[in-house]
Amino acid sequence: MSLNLCIEPSLLRLKKEFEQLDLPDYCILRIGDEKYIELSGQIECYDFDLIGDLLSKYRCFSVYITPQEGYWKNRCIEFNFKIPLGYPHIAPKVKCLTKLFHPNIDENGNICLNCLREDWKPILSITIIICGLLNLLIEPSTTDPLNKEAADIININPILFQETNNKLFNI
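Position 12 of the sequence shown, counted from 1, bears residue number 12 in the UniProt record's numbering, the numbering being contiguous throughout.
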């Protein structure tokens, strides 16, 4: 008898997504607290039963992205993913835990990314969200911003925008 029969559908779907995940070198996914597993690169060598156990216990994970270009080049940005019971019919809740001055991320870490809101469809995946987050870090959008002040500054004075973010990273 397969243990998969005891796992709820949302976690089965997530486990399958993780089995197919191919993260870039500058992206790490971490599941769990004291007992955790970090995933990076091609993850075919990982223990997917352990991943399933950790996901069912925590129902959340962190993604660390270190963009290779843009305003946050070589800075590690942490995002927290919370998986609802209705996943994939309900989008994950994603927050930015790293303090940023960003047009699409507010001071509370809320993220304006269409695939997390009105454009979410069950066919979308964690990989799509990670790609969307990376895109926001490389090319912030000032169209319909969540943080209007950041959008105004990036449009008017990109150097001041960069300096403001550097201060947040003590640079």
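Glycine is no exception: its CB is placed at the ideal position from the N, C-alpha and C atoms.
Which residues in the same chain as residue i place their Cβ atom closer than 6 Å to its Cβ, once the five residues preceding and following it in sequence are excluded?
i	result
Arg13	Pro88
Lys95	Asn80 and Gly109
Need the endpoints of the beta strand (DSSP E) that residue i sits in, please.
i	result
Ser141	Here Ser141 belongs to no beta strand (DSSP E), and DSSP marks it neither H nor E.
Ser10	Run containing Ser10: none in the beta strand (DSSP E); it sits in the alpha helix (DSSP H), Pro9 to Gln20.
Leu29	Cys27 to Gly32
I need the straight-line Cα distance from residue i to residue j, nearest angstrom please.
i	j	result
Ala151	His102	7 Å
Lys148	Pro122	30 Å
Ile31	Ile111	21 Å
Glu118	Ile138	22 Å
Gly70	Cys60	28 Å
Cys114	Ile128	The sequence given here places Asn at residue 114; Cys does not occur at that position. Taking the straight line joining both Cα atoms gives about 11 Å.
Identify, in the order they occur along the chain, each residue of the same chain with its Cβ nearer than 8 Å to the Cβ of residue i, setting aside the five sequence neighbours on each side.
i	result
Cys45	With a pLDDT of 47 at Cys45, under the threshold of 50, the modelled position of that residue is not reliable, and no figure is offered here.
Within the same chain, show all residues whose beta-carbon is closer than 7 Å to that of residue i, passing over the 5 residues directly before and after it, in chain order.
i	result
Trp120	Ala91
Ile154	Pro103, Pro140, Thr142 and Phe161
Phe169	Arg75
Met1	Because the pLDDT of Met1 is 38, which lies under 50, any placement of that residue in the model is unreliable, and the number read from its coordinates should be weighed accordingly. Nothing meets the Cβ criterion.
Gly132	Leu113 and Cys115
* Could you say if the segment 141-152 and the segment 73-87 meet the contact criterion of at least three C-beta pairs nearer than 8 Å? => Segments in contact, no.
* Specify whether the segment 50-69 and the segment 149-160 touch according to this definition: at least 3 beta carbon pairs, one from each stretch, less than 8 Å apart. => No contact exists between the segment 50-69 and the segment 149-160.
* Inside the segment 59-145 only - alpha helix (DSSP H) runs reaching at least 4 residues -> 126-138
* Can you give, in chain order, each stretch of the alpha helix (DSSP H) that sits fully within the segment 144-169 and has at least 4 residues? -> If we require 4 residues or more, the alpha helix (DSSP H) runs fully inside the segment 144-169 come out as 148-156 and 158-168.
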